[in-house]
Each structure stands twice: as structure tokens, then as C-alpha cells.
Amino acid sequence: MDKDNDSPTQETIEEGLEAKVLASLFGLQYMEKLPEPNPPRELLRGDFDRIAGSWGRQFNTVPVEGDENTVTVATSDPLNVQAIDQLRLCYGKNIKVIVTSPDEIARTINTIRTRLMKDRSDSLENSGDKEYTDFFSEQLKIDVTDAEDDDAPIIRYVNSIIFKASTERASDIHIEPFEHSLKVRFRIDGVLKDVAEEDRAFHAAIISRIKVMAGLNIAEKRLPQDGRVGLKIAGKDVDIRVSTVPTQFGERIVMRLLDKSAAILDLEQLGIEKDKLKIVENLITRPHGIILVTGPTGSGKTTTLYACLTRINKPSLNILTVEDPIEYQLDGIGQMQVNPKINFTFASGLRSILRQDPDVVMVGEIRDIETAEIAIQASLTGHLVLSTLHTNDSAGSITRLLDIGIEPFLVSSSLLAVMAQRLVRKLCPHCSVEYEMSDEELRELGLNPEKVKERKAKRPSEGGCEFCRNTGYSGRIGIHELLLIDDEIRSLIIQRTDATTIRNRAVEKGFQTLRMDGANKVFKGITSVEEVLRVTLETGEAGQDIALGV
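Each step along the sequence shown adds one to the number in numbering that gives the first Met the number 0, with nothing skipped, and position 310 is 309.
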């Protein structure tokens with residue numbers, strides 16, 4: 000029935016008459032209007048997706064009420080024996096069939112969905128958390144009593160998801176549609192975990208709500224969109240970047256949460272080993288040259304650069320940055336954000352910065368040859384430049400610069416060092432278990448078992464504990480490899496030597512790979528073998544490291 004017009008259409012009248020005739024033929028009760036649905040909770044929780052979701056749409060059936068022995072099901076097609084048999088198997092109970100119109104089935108399913116969504120959001124809202132109440136009333140300016148009945152539960156559900164993600168320290172929220180379901184996942188400590196699975200019918204309303212919050216076009220569902228929303232959650236300023244993309248089952252959304260009020264980490268808190276830390280501290284005080292931090296998205300590159308800038312920040316230095324986006328505000332440092340819509344790119348921003356008399360420049364990312372050339376010229380004319388690249392290891396950054404068109408002599412004369420990094424989850428300090436590593440684990444870490452005397456390490460306990468939310472891990476720490484550009488490496492760069500050769504030569508001189516650094520943290524009981532293997536490359540590491548032993 001049309002929501003804006005309560006008068007029944009001709010099609011609706013005909014469907015109702017057809018259902019009445021079928022009820023009369025089979026001697027079944029016909030109800031023009033179903034009672035307020037009151038199925039027991041256990042009828043909805045586990046099987047709602049199949050019954051009120053995909054089954055409801057496919058078979059035009061809905062559970063109306065039930066007890067220990069019998070479930071009463073409304074249908075518009077009592078001839079559909081398959082649907083009745085499926086319900087009987089699902090519940091393991093007797094099925095009592097009543098008949099109503101397809102329109103009434105749809106209305107009742109919608110009522111159940113609305114109530115179920117309200118129940119799920121209420122479970123958080125009624126938790127007694129004052130900060131959660133403040134989040135609703137003050138930050139989102141929501142008066143649920145003024146919202147339409149159909150919309151209020153969706154609004155509150157979306158808010159619940161955002162609040163839960165923030166309090167669980169999630170970096171990303173994934174809203175993913177599939178054929179018969181809608182999945183919600185959080186990325187916590189770099190790993191995705193399932194949070195909820197809802198009926199597919201909730202998809203459009205949830206996506207629309209998030210798009211409204213982010214200022215996106217709710218009517219545009221064919222093209223990707225990007226937006227953002229700022230909130231204060233539990234006293235923290237949280238910036239949420241929203242990205243939508245179309246998929247075969249509808250729009251998919253990822254929300255990245257940035258806690259803008261979080262304290263910038265010190266270099267000592269990043270997990271850099273003491274010997275490397277001293278070198279880094281020396282590098283960032285150099286008057287000129289380029290220092291690169293490399294790794295995949297989400298490996299903590301920006302955090303490392305911010306820690307470096309914070310360490311050298313003093314009144315005698317003019318430090319400027321160009322970023323996309325500005326993730327954290329740094330006191331005493333000039334920060335600019337790129338805006339491609341007005342052609343303000345990394346390259347144009349860097350040109351502008353160089354006219355601002357800088358001592359130190361941070362470029363969020365070197366993405367193209369233009370940005371790379373300007374950064375190198377800046378480093379050769381008396382500026383210290385810090386930036387990032389998306390490469391797998393430190394040696395790969397050198398060949399990446401050569402591949403995009405930078406001349407070898409420019410790379411060799413400007414580059415000071417490259418630090419590759421990854422983030423690994425830290426073992427829970429309350430429930431981790433001590434054990435002795437096997438020969439196979441040592442080999443996987445790139446170590447020679449015959450040369451390892453002390454094999455004690457720690458691993459996550461099965462099932463975890465309350466402190467780590469039953470994951471066995473709590474928080475993250477970095478593992479690093481630091482490639483210094485000395486005379487020998489410069490010579491290899493001039494010869495356009497490949498990354499593997501550069502890497503092998505560095506290892507021969509004592510260079511520690513990512514996996515080596517990870518192994519050190521395994522022996523210290525900070526992380527597990529599985530974590531190190533998860534984030535580091537296998538090819539080209541193990542064989543070299545085995546030769547070194549420990």
C-alpha cells in the first residue's frame with residue numbers, strides 16, 4: 000500500500016480477494032488486518048533473516064505469534080507447501096496457517112524489522128552510559144521522538160554502531176551488502192571482525208542515514224562518493240571519513256574513524272629498537288636530504304612522521320606540511336590539506352611551501368614524478384624533506400623512484416634513509432601463554448634452529464580474556480627495517496641495481512629486515528609468530544635470514 004495514500008489500489012483489492020477465496024477453499028482463517036506481531040524473541044533472533052527476510056519476500060510468509068508447541072504463520076499463498084515445510088523444519092514445531100493479503104504481509108514484516116532494529120539499538124542506549132546519551136542528544140542533535148516511526152530505529156542503530164566502534168578502538172567500520180544479508184564489521188588492531196549481520200531489507204535505510212550524516216547525495220547510487228562527519232564521542236573529537244562504492248548487491252560503505260584528540264606518540268612509543276632509534280634521531284636533525292617511510296595503507300607511516308616532526312619541533316625551525324588529509328593537528332607546525340577539486344595537489348602544495356622559507360617539509364605521500372622531482376630539488380637546496388611511499392620494503396622504495404622517472408644520480412645524492420614498517424598486534428599482558436617455539440616456527444621467522452638456544456616465546460591464549468575482548472591481543476606496535484644510504488648503496492643506485500641485490504648487500508652488512516625485527520619482538524614476548532608472519536613477506540626474507548642465524 001502506498002505510504003502517502005491510504006486508499007487501496009485496484010491491484011491490492013484483487014490480491015486481497017484472491018487470498019480470501021483461497022482461505023475459503025482450504026477452510027483457513029482469513030484476517031484482513033493481522034494483529035500486532037508478537038512472536039517470542041527466540042523466533043526472531045536466530046532465524047529472522049530467513050523467515051522475515053529472504054523467506055518472507057520469497058514465500059510471502061511471516062510469523063505472527065507462537066508458544067512452546069505451535070507457531071502461527073500468516074501467508075498469502077496457502078498452496079505453497081514448500082514454505083510451510085521449511086518453517087516446520089526450521090522451528091521443529093507445529094505450524095498453524097492463517098491467510099492474509101500480500102500487502103498485509105509486507106506491512107507486518109516491516110513492523111517486525113522496525114521493532115527488531117529498535118531492540119538492537121536500545122541494547123546499547125540503555126546500557127547506562129551517560130557518554131552514549133550525550134553522544135545522541137548533543138553531537139548528532141537527534142530527537143528520536145520527532146523522527147518518523149520507520150526512521151527512528153535506523154537512526155539509533157547507526158549511532159549505536161558508530162559509538163560501539165569508537166569505544167572499541169576500531170579504525171574502520173564496514174557496511175557490506177550481500178544477496179540475503181547486510182554485514183557490519185570493525186577493523187580493530189588491523190584485523191577485521193564480524194560485529195553484526197542484519198536482514199538485507201535494512202540496507203537502503205542504513206546507507207541513506209550514513210550518507211545524510213556525511214553530506215552525500217542519497218539519490219546517487221551508481222557512482223562512488225566520499226564525505227566526512229565530525230563528532231565528539233566519549234569526550235573525544237572523532238573525524239569520520241565516509242566512502243561509498245556501488246556493488247552488485249547495492250552500495251557498500253567504509254567509515255574510517257580518526258581520533259583527532261589522541262596524543263601524538265613519541266618516537267620511543269613506536270616500537271623502534273634502541274639502535275635504530277638513535278640513528279633516526281640523528282637523521283631528523285640533518286639540515287637537508289630526504290627521509291622516506293614506506294609500507295602499505297594502515298601501517299602507521301603518518302604516525303611515524305608526526306612523531307619525528309614533534310621531536311624536532313622548536314621555535315628556531317619553520318616546519319610545514321602538505322597532507323591528504325590532515326589527520327592530527329600539530330602545535331607550532333603549519334599544515335596544509337590538498338584539494339584536487341581546485342587543483343591543489345601535493346605537487347602544487349609543495350611548490351607553495353618552498354616559497355614560505357621552510358626548514359623542514361613533510362609531504363604526505365609521493366604519488367607521481369612531479370611531486371618526487373620537487374621533493375628532491377627541495378632536499379638538494381637546503382631543506383629536510385620527510386615523506387611516504389607505498390612499497391613493500393625499504394629497498395623497493397629506491398627502485399620505485401627510479402621506475403617513475405627520477406634520475407639515479409638525483410636519488411643517490413638526495414636520499415638519506417628509507418624506513419619500512421608494519422604494525423603487529425601486541426599480546427594481551429593478562430592472558431598470553433608462554434611456550435617454546437618449534438623448529439618450523441623458527442625457520443618461518445628466518446632463523447636457523449640449530450643456532451637458537453633460547454626458544455621461549457609467548458602466544459595468545461585460546462579464547463582470550465575480558466581485558467582483550469577475547470582476542471588474545473591488545474593494542475599494536477611497529478616493526479621496522481631501516482636502510483641507510485651509504486656510499487656502497489649510492490653506487491648500486493647509480494648502476495640502477497634491482498631491489499633484491501640492494502637488499503642482499505645491506506643484509507650482508509648487518510641490515511635487519513622486517514621479519515628479523517619482528518623475531519626480536521617475538522623473543523621479547525611482545526607479539527606472536529603468527530602476527531609477524533601475517534604482516535611480513537615470505538619471499539626473499541627467510542633464506543637470507545637463516546644464513547645469519549642468531
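Cβ atoms here follow ideal geometry from the backbone N, Cα and C, with glycine treated the same way.
Annotation for Leu400: Ala371 and Val410 place their beta carbon closer than 7 Å to its own, counting only its chain and skipping 5 residues before and after.
In the three-state reduction of the DSSP assignment, Met436 falls in the coil class, being assigned neither a helical nor a strand state. Arg514 places its beta carbon less than 7 Å from that of Thr535. Here the C-alpha atom of Gly229 lies approximately 51 Å from the C-alpha atom of Ala18. With a threshold of 16 other beta carbon atoms within 10 Å, Leu16 falls short and is exposed.
Here Ala416 is actually not in contact with Arg502; their C-beta atoms are around 14 Å apart, not less than 8 Å. For a cut-off of 8 Å, the C-beta gap from Met436 to Val528 is around 7 Å, short enough to register as a contact. As computed with DSSP, Arg227 is found in a beta bridge with Arg240. Within 10 angstroms of the beta-carbon of Lys277 lie fewer than 16 other beta-carbons, which makes it exposed.
Ile252 places its beta carbon less than 7 Å from that of Ile174. In the structure shown, Ser412 falls within a helical segment according to DSSP collapsed to helix, strand and coil.
Of the candidates Val423, His179, Glu167 and Met30, Met30 places its Cα closest to the Cα of Ile104. Apart from sequence neighbours up to five positions away, the residues of its chain that approach Gln328 with a beta-carbon distance below 8 Å are Lys259 and Gln334, ordered along the chain. Pro314 counts as exposed, since fewer than 16 other beta carbons sit within 10 angstroms of its beta carbon.
Inclusion of Gly249 and His202 in the CB contact set at 7 Å is warranted, their separation being smaller than that value.
Asp402 sits exposed, since fewer than 16 C-beta atoms from the chains shown fall within 10 Å of its C-beta. A residue is called buried when at least 16 other Cβ atoms come within 10 angstroms of its Cβ; Thr284 does not meet this threshold and is exposed.
Counting along the chain, Met361 sits inside the beta strand (DSSP E) bounded by residues Val359 to Val362. Leu316 and Ile172 have their C-alpha atoms some 39 Å from each other. By the CB criterion at 7 Å, Leu379 and Ser413 fall inside the cutoff. Judged by their CB atoms, Asn93 and Ser75 are not nearer to each other than the 7 Å cut-off. DSSP, reduced to helix, strand and coil, places Gly288 within a strand of the structure shown. Just so you know, the alpha carbons of Ile153 and Asn109 end up roughly 12 Å apart. About 6 Å separates the beta carbon of Leu319 from that of Val360, a gap short enough to meet the 8 Å contact definition.
In the DSSP assignment, Arg208 falls within the unbroken alpha helix (DSSP H) covering His202 to Met212.
Rounded to the nearest whole angstrom, the C-alpha separation of Glu480 and Pro459 is 25 Å. Judged by DSSP in its simplified three-state form, Thr500 adopts helix. Note that the C-beta distance between Arg184 and Val194 is below 7 Å. At the C-beta level, Gly477 and Gly299 come within 7 Å of one another. DSSP places Asn281 within a helical segment (H, G or I) once states are collapsed to three.
Residue range Thr60 to Gly65 is occupied by the beta strand (DSSP E) that includes Pro62, with no alpha helix (DSSP H) assigned at that position. DSSP places Tyr156 inside the alpha helix (DSSP H), whose first and last residues are Ala151 to Thr166. Of Ala377, Gly471 and Ile97, the smallest CA-CA separation from Gly463 is found for Gly471.
Residue environment for Ile341: exposed (fewer than 16 other C-beta atoms within 10 angstroms of its C-beta). By alpha-carbon distance to Met418, the top candidate from Asp438, His389 and Cys427 is His389. Under the DSSP assignment, Met515 falls in the alpha helix (DSSP H) whose first and last residues are Leu513 to Phe522.
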